[in-house]
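Below you'll find the structure, written out as structure tokens, and then a few comments.
Protein chains: 4
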Amino acid sequence: MTVAADRRAEARGDPSARRAHILDAAETCFARNGFHRTTMQDLAREAAMSPGNFYRYFESKEALVLGLVERERERGTLLVAEMEGSGDPRGTLLGIIARYFASITREAATLRVEIWSESTRNPDIAAMTARTEAESRDWFVATLAALATAPGCDPAGLYALLAPLMKGIVVGRAALPDYDVAAAIAQLHALLDAGLDGRLPAPPLAGRHAGR
Amino acid sequence: MTVAADRRAEARGDPSARRAHILDAAETCFARNGFHRTTMQDLAREAAMSPGNFYRYFESKEALVLGLVERERERGTLLVAEMEGSGDPRGTLLGIIARYFASITREAATLRVEIWSESTRNPDIAAMTARTEAESRDWFVATLAALATAPGCDPAGLYALLAPLMKGIVVGRAALPDYDVAAAIAQLHALLDAGLDGRLPAPPLAGRHAGR
Amino acid sequence: MTVAADRRAEARGDPSARRAHILDAAETCFARNGFHRTTMQDLAREAAMSPGNFYRYFESKEALVLGLVERERERGTLLVAEMEGSGDPRGTLLGIIARYFASITREAATLRVEIWSESTRNPDIAAMTARTEAESRDWFVATLAALATAPGCDPAGLYALLAPLMKGIVVGRAALPDYDVAAAIAQLHALLDAGLDGRLPAPPLAGRHAGR
Amino acid sequence: MTVAADRRAEARGDPSARRAHILDAAETCFARNGFHRTTMQDLAREAAMSPGNFYRYFESKEALVLGLVERERERGTLLVAEMEGSGDPRGTLLGIIARYFASITREAATLRVEIWSESTRNPDIAAMTARTEAESRDWFVATLAALATAPGCDPAGLYALLAPLMKGIVVGRAALPDYDVAAAIAQLHALLDAGLDGRLPAPPLAGRHAGR
DNA sequence: CATGAATGAGGCTTCATTCAT
DNA sequence: GATGAATGAAGCCTCATTCAT
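Protein chains in written order, with this note's numbering: chain E, 970 to 1181; chain Z, 970 to 1181; chain C, 970 to 1181; chain S, 970 to 1181.
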């Protein structure tokens, strides 16, 4: 299919393709300049579309961020489902970590931090972020439990370690130009192995089950 | 200096007290509503000061964030110096972690994420953040080395684990309403102990040297 | 023509039926929300028609108001002609007054005020309004003259009283939620009777001839 | 006082002078082009003021209309109070009618119709219009009662005639270029005299007391 | 003929910054 | 020094109108 045909197909009818196209542009712009420094004009230029047209697909500029977060969540779900089909649980786990935290581009990391920041101001985004986090935790804990190689492994406890670790790596990637992601990931892998092997000491007191 | 004297100094022209007062207001406002949603009018109200007056002490609204980050860095340096005087290195380490990551309020965490986000847009803030991070790392590595209880302890490697972990805890505190900070901190403490005892496996490959 | 046939004619291309259908929708929308607060999308929804289609029948949104005023004028002419066939001049007069001023709905009154307001901005509408007014005056004066029961009756003078009175009743109906139309109409009827009976004093000076 | 000094006095402090200045500009613009066709830029030009500055004195563009209506109401109250001091009730009555309905400029009439039209859309303006109407009615009825020269005079009934008559004259003045205000006013005066003399027949049925 | 997606000018409003007092 | 009224450049969004299908 030619590019022109592709454009026409996109331009015609299919609203979800249109939405996706807009979200692509928003992703690019927000990652590049941040939500607050991106104007609807910037977006229009990036999406090769008039400003007014956005509002046929999204209620407001804020709704674009929400759409972005939602799409990211769906993509995660899809990716997991896809990789789980491979029948290699450990590979899937490492793959997910790699995809979402290790080999993340600086722009993507920046966008992630931006979204966490918006989460603290916008209830809708906060809700979507919480949902993503909950789904992520459920999957991780289940997967860690399945991969545990020793009875001493505490999947929930391990996730309580992994989750902030992964988030912190994203922050480092975004905010520190010289951040050594590889080193952090190597440490994370070693930690993961140790955890699955039951070689990580449980914390002394209660509180070993993460979150609510 | 008494509080009254302090107030008087502030009421009259002591520029550094004035700056501090303004930064206090900025901290409050930015933590409450975020940088982009705080207007100079908000700031003026919070600081009980005319909007025009800010510009005698700070170049611009952006400079306020920079001032905030700088002050935070100085405060960290001061706090460390103070606590190290106690002659209890382990207590100092745990105290610093508690002060900056464990017992952080939600507002403070939010502000921290906000600043990380701004770091990705504003080179001055990025530089200041990088400097803070470098100083933090140096101190942590030195302190971990001093506290190591076994030859297998790898201070730099341990820091490569602790640093993102702590950042991630801040993100969780800020972006997830139900985040269980206590559980994460308990895990961190256990990890720290294990690390200092050399019970954490080093990552297989190198990667412990900074680089990109 | 049956309703079904009418619908079919409308569904197919009969342009004048199409125009009427559009004007119906415009009347509904403008009465409900006013000219300036009605969007072409609102109109499209009301008329069950695409926005673009309006422009095949009317030049612009403004032209719709003009069309509305014109239709209203024609309807008035028709109604008068119809009622005059009854051979009851007095009944016709009272009927017209009732139809146009007494039993007017609030929405209709609102629309009338809206149109007067637009008259002051749009020359085309002003011209149409003036024409309607002129025809109305001619008919009223002629009818009053025919109904006069005493030589002292001054039809033109009486109309100079009736015309603003009727307009004012419409304004009251539109702008004052608690306006008592019935009371005003009762007064108007009494006034009309008195005028036809020559019991109304002529104004001292001239001034009964139009002109500015 | 020089114009420059005047400008300075106006520019300095006094917010109510500033509000008045803005309302003057709004009155001019709204009368000239109507509320919906006047942009904040137009207003800014007319008021020799930047667009942003309006919002220090009025919440929104709509609030300007409300301010205008309110000021008009207050002016009416003031004017009445002033004229009543003259000790000539009949002169006061005729003066008020002249001032507000007879010698009204076309622009003023246009603005009045515009406001009636807005009344049907904006509850705040509707409330203010209703209040003005109520005060107007109270004063008219009291004044008519005081001026009645015969026991047969029905002040409330007379007002139910006068009120729409006056409104209708305003509509005519605004919407009909050739409207003969003088003739209408002459009729109104004659009607008023007849009413005060008890020479107007009461309407047959009840309903002789206007509105609620 | 009809559609409805798309356009893009322009409206209202906000807010960082300035400057006369 | 300090004030706070004023500025004016954008920013988000709406909506009459067009035009490819």
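The C-beta atom is built at its ideal place from N, Cα and C for all residues, glycine as well.
Note that the structure is a prediction, hence the values are computed from the model and not measured.
So, does the CB of Glu1102/Z fall closer than 7 Å to a CB anywhere in chain E? yes
With DSSP collapsed to three states, give me the class of Pro1124/E. helix
I'd like the list of long-range same chain contacts for Gly1141/Z, defined as Cβ closer than 6 Å, with 5 residues on each side in sequence excluded. Tyr1148
Hey, out of Gly1137/Z, Val1034/Z and Ala1125/Z, whose CA is closest to Ile1094/Z's CA? Val1034/Z
Which residues mark the beginning and the end of the alpha helix (DSSP H) in which Ser985/Z is found? Pro984 to Asn1002
In or out: Val972/S buried (at least 16 other Cβ within 10 Å) or exposed? Only weak support exists for where Val972/S lies, its pLDDT of 45 falling under 50; the coordinates are left without a value.
Nearest-angstrom Cα separation, counted from Tyr1024/S out to Ile1154/E: 54 Å
To the nearest whole angstrom, what separates the beta carbons of Phe1027/C and Leu1080/C, a pair I think is in contact under 8 Å? Not a contact, Cβ separation roughly 17 Å.
Which same chain residues end up closer than 7 Å to Glu1102/E when comparing Cβ atoms and leaving out the 5 residues on each side of it in sequence? none
Can you tell which of Gly1121/Z, Gly1056/Z, Arg1044/Z and Ile1138/Z has its C-alpha closest to the C-alpha of Ser1072/Z? Ile1138/Z
Could you tell me whether any Cβ in chain C is nearer than 7 Å to the Cβ of Gly1036/S? no
Please check the pair Leu992/S and Pro1058/S, which I expect to be a contact at CB under 8 Å, by giving their CB distance rounded to whole angstroms. The Cβ separation is near 31 Å, so there is no contact.
Which class does Thr1079/S belong to by DSSP, given the choice of helix, strand or coil? helix
Output, in chain order, the set of chain E residues within a Cβ distance shorter than 9 Å of Ala1143/Z. Trp1085, Ser1086, Ser1088 and Thr1089
Verify whether the separation of the beta carbon atoms of Thr1098/E and Ser1105/E is less than 7 Å. no
Is it buried or exposed, Ser1086/C, if we count other Cβ atoms within 10 angstroms and call 16 or more buried? buried
How would you call Gln1156/E, buried or exposed, if buried means at least 16 neighbouring beta carbons within 10 angstroms? buried
Gly1167/S and Ala1119/S - do their beta-carbons sit closer together than 7 Å? yes
To the nearest angstrom, report how far apart Asp1128/Z and Arg1001/E are at their CA atoms. Before going on, a small fix: residue 1128/Z reads as Tyr here, not Asp. If I take the Cα positions, the gap works out to 30 Å.
Neighbouring residues, chain S, relative to His1005/C (Cβ below 7 Å): His1005
Classify Ala1095/E as helix, strand or coil using the three-state DSSP reduction. helix
Would you mind stating whether Met1018/E and Phe1070/E have Cβ atoms separated by less than 7 Å? no
Which residues in chain E have a C-beta closer than 9 Å to the C-beta of Ile1138/Z? List them in chain order. Pro1133, Lys1136 and Gly1137
Beta-carbon separation of Val1110/Z and Ala1132/Z under 7 Å? no
So does Ala1103/C have its beta carbon nearer than 6 Å to some heavy atom of the ligand FAD? Of ligands this structure carries none, so the ligand FAD is not represented either.
Using the Cβ count rule (16 or more neighbours within 10 Å means buried), how would you classify Asn1091/Z? buried
Taking Leu1012/Z as part of the alpha helix (DSSP H), name the residues at either end of that continuous run. Met1009 to Ala1016
Within 7 Å (strictly less), CB to CB, does Thr1098/C reach chain S? yes
Straight-line gap, Phe1004/Z to Glu1041/E (C-alpha atoms, nearest Å): 25 Å
Taking DSSP as the reference, what is the three-state secondary structure of Glu1031/E? helix
So which residues on chain S does Ala1159/C lean against when the C-beta distance must stay under 8 Å? Leu1169, Pro1170, Ala1171, Pro1172 and Pro1173
Cα-Cα separation between Pro984/E and Gly1021/E, rounded to whole angstroms: 15 Å
Can you tell me whether Leu1169/C is helix, strand or coil according to DSSP? coil
Name the residue from Glu1051/C, Glu1031/C and Gly1054/C whose alpha carbon lies nearest to the alpha carbon of Thr1008/C. Glu1031/C
Three-state secondary structure (DSSP) at Ala1111/E? helix
Among Arg1006/E, Asp1123/E, Ala1144/E and His1158/E, the one whose alpha carbon lies nearest that of Leu1169/E: Asp1123/E
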